[in-house]
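Student: Residue numbers for the first sequence follow our numbering, beginning at 18 and rising by one.
Structure in structure tokens, see below.
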Amino acid sequence: MPVRNRDIANAFETLADLLEIGDANPFRVRAYRNAASTVRDQSRPIRDMLAAGEDLTELPNIGDDLAGQIERFVETGHLARLDAATDKLPAGLTALLDINGIGPKRAHALYEGLGVTSVDELAAAARDQRVRALSGFGEKAEQRILHEIERQARHSPARTLLADAEEMAESLLDWIRQRAGVDKAAIAGSYRRRRETVGDLDVVVTASDPAAVSRAVTRYEDVGEVISSGETRTTLRLRGGLQVDIRVVPARAYGAAMHYFTGSRDHNIALRRRAQGHGWKLNEYGLFKDDQIIAGDTEESVYEAFSLPWIPPELRENRGEIEAAEEDALPTLIEVAEIRGNLHTHTTATDGKADLEEMAEAARDRGWRYLGISDHSRAVRVANGLDADRLARQIDEIDALNERLDDLVILKSCEVDILRDGSLDLPDSILERLDYVMGAMHGQLGLERRAQTERILEAMDHPLMRIIAHPTGRLIGRRGPVALDLDRIFEAAARNRIALEINAQPKRLDLDDQNARAARDAGVMLVIGTDAHSPAQLDFMRHGVDQARRAWLSGSDVLNTRPLNQLRDWLARGRSADG
DNA sequence: GCCGTTTTCGGCCCGACTGTTTTCAGTCG
């Protein structure tokens with residue numbers, strides 16, 4: 018099996034865990050974690066970069082030593098340092114670190130003192146009351162360990178889709194805002210950065226009496242468990258399993274706290290390094306010079322102290338946003354209000370829940386000027402995909418409906434399946450009658466990389482192809498992306514003027530943020546499509562816009578911000594205009 | 001193990017909460 022970026026990142030993470038349990042130099046441990054994060058952050062496979070002769074030490078956090086380790090890992094499939102580490106300590110110990118309350122020191126103590134090498138063995142030891150005998154542990158620690166192991170067995174600690182977290186988050190926020198003495202309350206963290214999933218919710222509150230608010234939140238109706246509760250910080254678990262951290266800070270620290278808890282961790286560290294360079298200190302209470310506060314009541318004040326403009330939360334991943342801010346080169350990010358239409362929707366003709374007219378009505382309600390109907394083609398049998406005759410009838414229906422509509426235009430399309438050999442599921446004779454053809458893959462998702470890439474490239478060579486929907490086919494948390502050489506896909510999309518979709522379904526968000534950014538940088542036009550199967554799902558547009566913002570996109574990078582006439586021009590231009 | 005507006009050596013982000021301590025280590029975010 019070829020070594021993927023996540024294999025490298027996972028190996029470095031495991032090695033870091035084992036080194037930490039073995040009480041290695043903490044900065045060396047961090048170096049491996051930082052390197053893992055860098056590798057995970059690459060939109061291109063490391064093995065492609067090596068094959069192209071690129072120098073890995075150009076990447077942040079990768080020096081000569083790690084570059085060499087990665088190179089040998091890719092060549093041999095083995096990370097020698099990890100093999101050496103697992104000779105000293107059982108690899109199963111790293112699983113103990115996933116238990117809340119157990120870190121490297123306790124994992125080491127459990128191994129040395131009780132010979133524990135797995136979560137199961139730890140559970141047995143705790144049930145036998147052998148854990149409490151260890152120095153540094155007590156009865157409470159032992160009970161907490163058992164409690165956490167049982168909770169994890171019931172509820173996997175998987176991250177929650179942002180869209181699923183929203184309802185819980187907004188209800189909690191409303192409730193907190195109504196507590197006595199609360200001034201401001203907002204959700205920070207990855208939720209505010211609009212990441213596709215959240216691990217927990219970070220709530221920042223300002224109040225005249227912080228301790229009173231900290232006590233009050235433990236009585237929120239949806240609390241399943243109070244994990245900890247102090248004067249300024251409370252950690253809860255909601256009944257649904259989602260963890261919530263609530264920090265109450267003074268009003269003068271609101272901006273600093275929002276900045277601090279919005280993160281990302283890497284963005285914060287980068288900014289704190291800058292503070293150190295000036296001899297300042299940056300924390301959740303403000304920016305300090307010799308214990309004198311110089312900024313912190315607003316986020317703007319914090320950035321301003323560094324002579325930087327405010328950076329939108331979606332960009333705060335330490336992926337060049339601080340450097341861009343420094344050069345006054347931050348993008349003007351796309352906004353929902355710029356969206357003029359939607360090019361990916363379904364109706365009851367296939368697996369949608371609403372008919373043509375209902376979808377049109379719902380699109381008009383959202384202020385859109387055009388709506389693309391793109392039902393499935395026949396290969397998607399479970400969705401009752403259209404054959405040429407049924408699609409022809411839908412085309413006639415749309416023509417008739419357009420006669421009656423004056424403020425919305427229905428565009429004729431089809432989400433036509435790209436078959437295994439790259440050919441399309443419907444004949445050109447019917448596809449020619451559409452306003453645009455959108456291609457997608459729904460089957461044979463397990464092909465190896467070369468075949469999968471050739472398949473989609475073949476479809477992109479079809480002269481009618483205009484958009485590729487959900488290009489990688491991933492389902493967040495359930496199914497990884499298909500194996501594709503995205504560099505070649507992007508190159509072909511730019512050359513053939515085919516738009517790639519950011520699918521706005523919360524479980525897809527495909528292309529993802531980094532790939533969408535790489536596509537744009539390669540000269541590709543993006544389109545945000547809701548893939549709506551009901552009128553309500555048209556509101557998924559904002560999730561797609563969130564992802565586009567994380568991809569550094571402006572309105573001009575997204576096809577469906579264009580007025581109808583310009584959209585038609587773009588769709589009609591095709592490859593013929595190239596020559 | 002990485003890195004350089006203080007540096008090629010000597011730094012490396014920082015504060016809150018808990019439980020086990022008898023003044024603080026460990027963990028977390």
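All C-beta atoms in this analysis are idealised placements derived from N, C-alpha and C, irrespective of residue type, glycine included.
Note that the coordinates shown come from a computational prediction; the quantities given were computed from them, not determined experimentally.
Should L93 be labelled buried (16 or more other beta-carbon atoms within 10 Å of its own) or exposed?
Tutor: Looking up residue 93 in the first sequence gives position 76. According to the sequence provided, residue 93 is Thr. The question's Leu does not apply to it. The residue is exposed, with fewer than 16 neighbouring Cβ atoms inside 10 Å.
Student: Tell me the DSSP bridge mates of K429?
Tutor: As a position in the first sequence, residue 429 is number 412, starting the count at 1. Paired residue(s): I390.
Student: Tell me the rounded alpha-carbon separation between A182 and S188.
Tutor: As a first step, residue 182 must be located in the first sequence, where it is residue number 165. As a first step, residue 188 must be located in the first sequence, where it is residue number 171. Cα to Cα, the separation comes out at about 10 Å.
Student: Looking only at DSSP bridge pairs, what is M482 linked to?
Tutor: Along the first sequence, read from residue 1 onward, the residue named residue 482 stands at position 465. M482 is bridged to V454.
Student: If we ignore side chains and look at the alpha-carbon of each, how far apart do R537 and H95 end up?
Tutor: Indexing the first sequence from 1 puts residue 537 at position 520. Indexing the first sequence from 1 puts residue 95 at position 78. Cα-Cα distance, rounded: 35 Å.
Student: Hey, which unbroken runs of the beta strand (DSSP E) at 3 residues or more fall wholly within the stretch 307–391?
Tutor: Qualifying beta strand (DSSP E) stretches, in chain order: 309–312, 387–390.
Student: Cβ of H560 within 9 Å of Cβ of Q522?
Tutor: Taking the first residue of the first sequence as 1, we reach residue 560 at position 543. Taking the first residue of the first sequence as 1, we reach residue 522 at position 505. Their beta carbons are under 9 Å apart, which means H560 touches Q522 by this criterion.
Student: Excluding the 5 residues preceding and the 5 following P62 in the sequence, name in chain order all residues of the same chain whose CB lies nearer than 7 Å to its CB.
Tutor: Indexing the first sequence from 1 puts residue 62 at position 45. Hits under 7 Å: R21, N22.
Student: The beta strand (DSSP E) spanning I166 covers which residue range?
Tutor: For the purposes of this step, residue 166 is taken as the residue at position 149 of the first sequence. Note, I166: premise wrong, no beta strand (DSSP E); alpha helix (DSSP H) at 156–171.
Student: Start and end of the alpha helix (DSSP H) containing A108?
Tutor: Looking up residue 108 in the first sequence gives position 91. No alpha helix (DSSP H) holds A108; DSSP gives it neither H nor E.
Student: What separation, rounded to the nearest whole angstrom, lies between the Cα atoms of W327 and G358?
Tutor: Here the question's residue 327 lines up with position 310 in the first sequence. Here the question's residue 358 lines up with position 341 in the first sequence. Approximately 30 Å between the Cα atoms of the pair.
Student: To the nearest angstrom, report how far apart P19 and L584 are at their CA atoms.
Tutor: The residue labelled residue 19 in the question sits at position 2 within the first sequence. The residue labelled residue 584 in the question sits at position 567 within the first sequence. Each residue's alpha carbon lies about 41 Å from the other.
Student: Taking L218 as part of the beta strand (DSSP E), name the residues at either end of that continuous run.
Tutor: By one-based count along the first sequence, residue 218 stands at place 201. First-last of the beta strand (DSSP E) with L218: 217–224.
Student: Report the option in G272, G257, T252 whose CA atom is closest to the CA atom of S264.
Tutor: In the first sequence, counting from the first residue as 1, residue 264 sits at position 247. The residue you asked about is not Ser; residue 264 is Arg in the sequence shown. Checked all of G272, G257, T252; the closest Cα to R264 is T252.
Student: Rounded to whole angstroms, what's the CA-CA distance from G52 to D40? Just pull it up for me.
Tutor: Numbered from 1 along the first sequence, position 35 holds the residue referred to as residue 52. Numbered from 1 along the first sequence, position 23 holds the residue referred to as residue 40. It should be noted that the sequence gives Ala, not Gly, for residue 52. Approximately 19 Å, taken between the alpha carbons.
Student: Return yes when the Cβ of I484 is within less than 9 Å of the Cβ of H361, no when it is not.
Tutor: Locating residue 361 in the first sequence gives position 344, counting from the first residue. Locating residue 484 in the first sequence gives position 467, counting from the first residue. Closer than 9 Å, so yes.
Student: Give the straight-line distance between the Cα atoms of T214 and T177, rounded to the nearest whole angstrom.
Tutor: Here residue 214 refers to the residue found at position 197 when the first sequence is read from its first residue. Here residue 177 refers to the residue found at position 160 when the first sequence is read from its first residue. Using only the alpha carbons, I get a separation of about 5 Å.
Student: DSSP three-state call for N520: helix, strand or coil?
Tutor: Taking the first sequence and counting its residues from 1, one reaches residue 520 at position 503. In the structure shown, N520 sits in a strand (DSSP, three-state: E or B).
Student: Can you tell me where the beta strand (DSSP E) holding A203 begins and where it ends?
Tutor: For the purposes of this step, residue 203 is identified with residue 186 of the first sequence, where counting begins at 1. That run of the beta strand (DSSP E) goes 199–204.
Student: Pick out whichever of A409, R472, D442 has its Cα sitting closest to the Cα of R450.
Tutor: What you label residue 450 is simply residue 433 of the first sequence in a count that begins at 1. Of the listed residues, the one whose Cα sits closest to R450 is A409.
Student: When the Cα of D65 is compared with those of N577, R466, L418, which residue comes out closest?
Tutor: Numbered from its first residue, the first sequence carries residue 65 at position 48. With distances taken between Cα atoms, D65 lies closest to R466.
Student: Apart from the five residues on each side of it in sequence, which residues of its chain come closer than 7 Å, Cβ to Cβ, to P616?
Tutor: Nothing about residue 616 can be read from this structure; the chain reaches only from 18 to 596.
Student: Whole angstroms is fine: what's the gap from G272's alpha carbon to A292's?
Tutor: Here residue 272 corresponds to residue number 255 of the first sequence, with the count starting at 1. Here residue 292 corresponds to residue number 275 of the first sequence, with the count starting at 1. Going by the C-alpha atoms only, they are around 16 Å apart.
Student: Let's test the definition: count the other Cβ atoms within 10 Å of the Cβ of D424 and tell me whether it reaches 16, buried, or not, exposed.
Tutor: One-based indexing of the first sequence puts residue 424 at position 407. By the neighbour-count rule (16 or more Cβ atoms within 10 Å), D424 is not buried but exposed.
Student: For R50, write down the residues that DSSP places opposite it in a beta bridge.
Tutor: As a first step, residue 50 is located in the first sequence; it is residue number 33 there, counting from the start. Answer is none; R50 lacks a bridge partner.
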